[in-house]
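Chains A and B, in that order, are what the protein sequence lines are. Counting in my numbering, the first sequence runs from -16 upward without gaps. Counting in my numbering, the second sequence runs from -16 upward without gaps.
Protein chains: 2
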Amino acid sequence: MHINGRKRVVIENVKPEIDSGRFPIKRVVGEKVVVTADIFADGHDAVWANVLYKYQNDNTWREIPMSFLENDRWQGEFIVEEMGIYTYTIEGGVDHFKTWQNDLKKKYDVNRDIKIELLIGIQHIQDILQRVPGDAKKKLLEYIDFLKKEENRRESVTIALGEELGNLIKKYPDKQSATNYGRKLTIVADRKKALFSAWYERFPRSCSPEAGKHGTFKDCENILPDIARMGFDVFYLPPIHPIGKTNRKGKNNSTVVNPDDVGSPWAIGSDEGGHKAVLPQIGTREDFERLLNRAKEYAIEIAIDLAFQCSPDHPYVKEHPEWFHWRPDGSVQYAENPPKKYEDVLPLNFETEQWQQLWDELKSVVVFWVERGVRIFRVDNPHTKPFFFWEWLIKEVKSKYPDVLFLSEAFTRPKVMYYLAKLGFTQSYTYFTWRNTKREFIEYITELVQTDVREYFRPNFWPNTPDILPEHLQYGGRPAFMIRLILAATLSSNYGIFGPAFELCVSEAIHGKEEYLNSEKYEVKHWEWDRPGNLKDFIAQVNRVRKENPALQTTGNVQFYEIDNEYLIAYGKATEDFSNILLVVVNLDPYHNQSGWVRVPISKFGIDADQPYLVHDLLSDGKYIWHGENNYVELKPHDMPAHIFKVRKKLKRETDFDYFL
Amino acid sequence: MHINGRKRVVIENVKPEIDSGRFPIKRVVGEKVVVTADIFADGHDAVWANVLYKYQNDNTWREIPMSFLENDRWQGEFIVEEMGIYTYTIEGGVDHFKTWQNDLKKKYDVNRDIKIELLIGIQHIQDILQRVPGDAKKKLLEYIDFLKKEENRRESVTIALGEELGNLIKKYPDKQSATNYGRKLTIVADRKKALFSAWYERFPRSCSPEAGKHGTFKDCENILPDIARMGFDVFYLPPIHPIGKTNRKGKNNSTVVNPDDVGSPWAIGSDEGGHKAVLPQIGTREDFERLLNRAKEYAIEIAIDLAFQCSPDHPYVKEHPEWFHWRPDGSVQYAENPPKKYEDVLPLNFETEQWQQLWDELKSVVVFWVERGVRIFRVDNPHTKPFFFWEWLIKEVKSKYPDVLFLSEAFTRPKVMYYLAKLGFTQSYTYFTWRNTKREFIEYITELVQTDVREYFRPNFWPNTPDILPEHLQYGGRPAFMIRLILAATLSSNYGIFGPAFELCVSEAIHGKEEYLNSEKYEVKHWEWDRPGNLKDFIAQVNRVRKENPALQTTGNVQFYEIDNEYLIAYGKATEDFSNILLVVVNLDPYHNQSGWVRVPISKFGIDADQPYLVHDLLSDGKYIWHGENNYVELKPHDMPAHIFKVRKKLKRETDFDYFL
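Right under this line is the structure:
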């Protein structure tokens, strides 16, 4: 028998735990991990339990005593302090001393003779002595002497049940017959930007201030002040590499191409180089590195695109034909999803027998850019490459560079999107882009923040992308853009826009599709960035609210509130200590004024039913005194389609607003 | 790298799976196992998947092709055919041929040139040839020839997409780059009685027909015909062993004992022997074995009690003092849960250093009775003995005697009750005894049958036990007993009663407690079993309904229906093919007539809205023609507090009832 028959404690139903510990949970530095489990022994004996955790290759476990919640559930928590990998598990055992204390108290309370009980207690302390260091041992021997001598029944019981003795003994649990949960669960700890970021996507080639000119990295440098003023901290560039010429696409994805057509940047590779090269028209690698450094001065990081596919002109095609699909007529297979054809793009053949070389080469692409200072990658269509490749790649890169972040651009089936997140992607695109009604938002976001999904999937909400101009932006006018920005920026702590199409409220789509007409994917654009009606100041204001209010710097804290109008959605975000409480009400109808009564969870906020409180609209700067749970709101989409209220409790019963916290 | 980079399929979220496969699921012989999982590959490729399963030490896996449900979920099923242990897992991979077929179809549909596509298909078939046996190989070569030669585009496509070719190829999936789920999940397959049983508990010592006489096994034999007539198939006897004399309890659990007091049968052991001996007043082991055999003639099994505890006179106390708790004054520790004391019972010390000898001895007790023909054990208070002891014991016994059943008598915290079931107990006592209102029943039973609990916890519903006379039976009169019996017998396929207190509607409790006054636990009783008002015929009728209707022979199929009266509860049970449909309506109010409208899910039953159907009350033999979803019911508790309707569809539009199925 390989059983220790004296182990009596069960530890099960541990949370968080993803797929039996197959995958890590995610946290950022400074974030808390709350571990809960069902822990119990047979019979009526008391139990003790610890969360054990350690950082990377630490030799010893740190122990956090767990506390009892209810219904055999226990909880312990700790904070991750460094980037990298943490491990945690649980141990627990029978607490014989505590059990004895409980029994002693019950017997004492019903006036039973406790002489022998006290002797049993002394035995327990003597058993503990073996595993106790010098100082504590001395103290315990004193207790034994006291309990042995003591004639006064009440005093003995007081000492025996006292916190001091209890706490002393609690430090030295009997680990010999303790149960270890067995499974070692892991945490990937990222830097804070993994959880709180505002992305701005823009094609470098469309950054020139001069109409008709191909934009460069230098032009990108020149727009940094405006990007910073809008409040973004990630500037994401679509692929910056040489673009293939064979089967290059013309404007609007046409197969008919003009000599001056610039092609899709996702058709990567030409005789000018592949994934490690830079399109000469945009600049040099040195220009790129200068852009990176200039951006830093504005607290902006440059993110680049990882699109693991090739134009027919990519050097790989000649150097590694075995990495591509070849057809029986000797031609190479381009990407297609019938009836759609992508003649300018060749998918890589991950089923090649040379998959190891291919994996190594792709890793070298990431490392190449990491070594040049890039720390954020937006990964194009990860769901069309093998899952286990991503798991390996991300692990490899992060083991050396734990500050690297990967955003998964997988707009596909829900389980595939979640699985990519489990495999290691830091942030993920979502279905936010296509959610419209109040019910849709509440359902989807509840799934993201109130299930296990929250432990591994960090949403990044995008109202638009170069590929997607959703219907509500085509028909809702400027208010629709404002609505989507507020929703993205306040529901999710990570969000992004594709500009300047977004802030200029560009709404012309290909007829019947959710795609931009005259898409930047196929041409150089010139933007009048400051033209009337632009949303730059509005966006700046929203991003400022995000930066000033820690409640908006995480996603999992969102709570939806009742509001009696289907076009109005109301939700709140608060810090754990409720020192920062935001209440957001958005009019989802871009056409009409809407009003309704919102139910504020004042008791949760620590506000009494008869206590007035101030709600301060951080968008309009309006201030309102509210009372009780139900309060009236009215939103005019052509003025401002939302309130972002900061909720302030009244300090004293004064009317002056200054007395609000 | 120990990765196979060509594996592309993910298998996750497998159901049923208990605690990552740590525990088996339970089935009975002939029952189905439906296995579902999320299975998907990267990209848009088609996948294939099989459930693999095998019986005990079979060398080869049986393969069951899974079929696609929706949202990346797949399903496969099989039936367990033997008692013992089954193992199952899942494998899956990319289906390149199916992927090619899908693409071919899409291209053909939009009139693309498919010449090269057909050549690619031929390549796929050629790849498959390597792993195909002779006959199939020949057939595939014919297909290749046909596709090579064929000039007729439409005919080639028809052949290439045809079911015949598809099915042939489906048999030989590419296993080299297939994913195996990895975890081997297990099933404990029991005999059918594990799922469908009706228990009758009775103290042998109270079985004598003569007042004042101590009952014997021979008296038990004489009541077998009545037990059989009532329809029970398990006759469970409280402990039959010698009863201790030291600290023996008097009537009503008194510590003052008279010389003729018989004591509690749970105070096991005296100088007459311990757990392998029989109380001489009841008879001999030979008498017991004769009872077992006589019971078989009535299709009744004898269940005995496993109470692993000792009276102070048990031979173990002298032979193995190390198996008990000794106090500093040299006295032995009796059982207590302060302020309650059980002076006549010593708990075993499972924390003894001699735990292995103790475990072995206790196992030998079970084996002793198994070898004498016992196959069902009701286990007393398993939650006060170490969990891992039970897991070991049950596994050990069932590995040699897979037909042995263990009923867990753990009335304790929910997680502990569920954990004992996970560890191996065949059936379990439940909270049914204390559930009263409609909401309570629906909540509790939903937890039992609509969560993972259903996979490992087989409820056994008891309206009363020697320890529990619940309040509703104290005050509800005869109708309350009928109500509880119908609920127990129709909600759960396993149920039992403690008689004759139940069928004689005994309701006298100790004041303010849910315990019998003058409990049989402490005295010999003489019962007038056939006295007026007894429920024997009623019970016989209910058990007959259970036997004649397979829908009542499982628990997981219960569905609750809406009914607009808080005192009426309505639920249905049907076989999978809906050939047997029962609809039960119970009046939970034992005092007043109650009526209401029940909503029948006729569309699920395959009944049209305009089609009349017959509901035949198997209790009253009343027949009613119903129409549509909503139908009226009225229940008078003093006549019959429930309907158990058999729902019969009308065959033709005739008025004669004979035309109902």
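All C-beta atoms, glycine included, are put in the ideal place defined by N, C-alpha and C. Computed from a predicted model, the values in this text were never measured in an experiment.
- Looking from the CA of A/A553, the closest CA among A/P442, A/A143 and A/V583 belongs to A/V583.
- Using a CB distance below 8 Å, the part of the region 384 to 415 of chain A facing chain B consists of R396, P397, K398, V399 and Y402, ordered along the chain.
- For the pair of segments examined, the region 397 to 410 of chain A was found not to touch the region 185 to 192 of chain A: the number of CB pairs separated by less than 8 Å stays below three.
- Taking 9 Å as the upper bound on Cβ-Cβ separation, chain B lies near residues P330, F333, E334, T335, E336, W338 and Q339 of the region 329 to 340 of chain A.
- The C-beta of A/T367 comes closer than 8 Å to at least one C-beta of chain B.
- Secondary structure of A/E138 (DSSP, three-state): helix.
- Annotated three-state conformation of A/N477 is strand, per DSSP.
- Residue environment for B/T420: exposed (fewer than 16 other C-beta atoms within 10 angstroms of its C-beta).
- When DSSP assignments are scanned along the region 156 to 191 of chain A, the uninterrupted stretches of beta strand (DSSP E) that are 3 or more residues long and fall wholly within it turn out to be 168 to 173 and 180 to 184.
- Between A/E(-5) and chain B, the shortest Cβ-Cβ separation is below 8 Å.
- Straight-line measurement puts the Cα of B/M623 at about 8 Å from the Cα of B/M465.
- Those residues of the region 95 to 106 of chain B placed with their C-beta closer than 7 Å to a C-beta in chain A are I99, L102, I103 and Q106, ordered along the chain.
- Secondary structure of A/Y38 (DSSP, three-state): strand.
- Per DSSP, reduced to three states, the secondary structure at A/G227 is coil, with no helix or strand assignment.
- Around A/H308, the same chain offers Q316 and N332 as residues with beta carbons nearer than 6 Å, after the five sequence neighbours per side are excluded.
- Residue pairing from DSSP places A/L329 in a beta bridge opposite A/C293.
- Under the Cβ criterion of 8 Å, B/R310 is counted among the residues facing chain A.
- Residue pairing by DSSP places A/Q339 in no beta bridge whatsoever.
- For B/V362, not one C-beta of chain A is nearer than 8 Å to its own C-beta.
- Residue state for A/G59 is assigned as strand, using DSSP reduced to three classes.
- Residue A/G539 holds the alpha-carbon nearest to the alpha-carbon of A/R10 among A/A278, A/G539 and A/G198.
- Judged by beta-carbon spacing, B/V217 lies within the 8 Å limit of B/I283, meaning their Cβ atoms are closer than that value.
- Contacts between B/K(-10) and chain A, judged by CB atoms closer than 7 Å, involve F371 in chain order.
- Taking a contact to require three or more Cβ pairs closer than 8 Å, the region 218 to 235 of chain A and the region 244 to 256 of chain A qualify as touching.
- Secondary structure of B/K378 (DSSP, three-state): helix.
- Under the 8 Å criterion on CB atoms, A/V349 is classed as non-interfacial with respect to chain B.
- At a Cβ-Cβ threshold of 8 Å, B/V12 and B/Y71 do not count as neighbours.
- In the pairwise beta carbon analysis, the region 52 to 71 of chain B is classified as touching the region 34 to 44 of chain B: at least three pairs are separated by under 8 Å.
- Beyond the five residues adjoining it in sequence on each side, B/G4 comes within less than 8 Å, by CB distance, of R166, K167, L168 and T169 in the same chain, given in chain order.
- Counting only residues of its own chain and dropping the five nearest sequence neighbours on each side, B/D386 has a CB closer than 7 Å to the CB of M66, R174 and R358.
- Residues of the region 8 to 34 of chain A that bring their beta carbon within less than 9 Å of a beta carbon in chain B comprise D21, F23, A24, D25, G26 and H27, in sequence order.
- In chain order, P365, H366, M400 and L403 place their CB closer than 6 Å to the CB of B/A393, counting only its own chain and leaving out the 5 sequence neighbours on each side.
- Collapsing the DSSP output to three states places B/D312 in coil.
- Residues of the same chain with a CB within less than 6 Å of the CB of A/R45, apart from the 5 flanking positions on each side, are Y36 in chain order.
- Setting aside the 5 residues that flank it on each side, B/D296 is surrounded in the same chain by G227, K228, T229, G252, S253 and D254, each with a C-beta closer than 7 Å to its C-beta; the list follows chain order.
- In the three-state reduction of the DSSP assignment, A/T72 falls in the strand class, which pools E and B.
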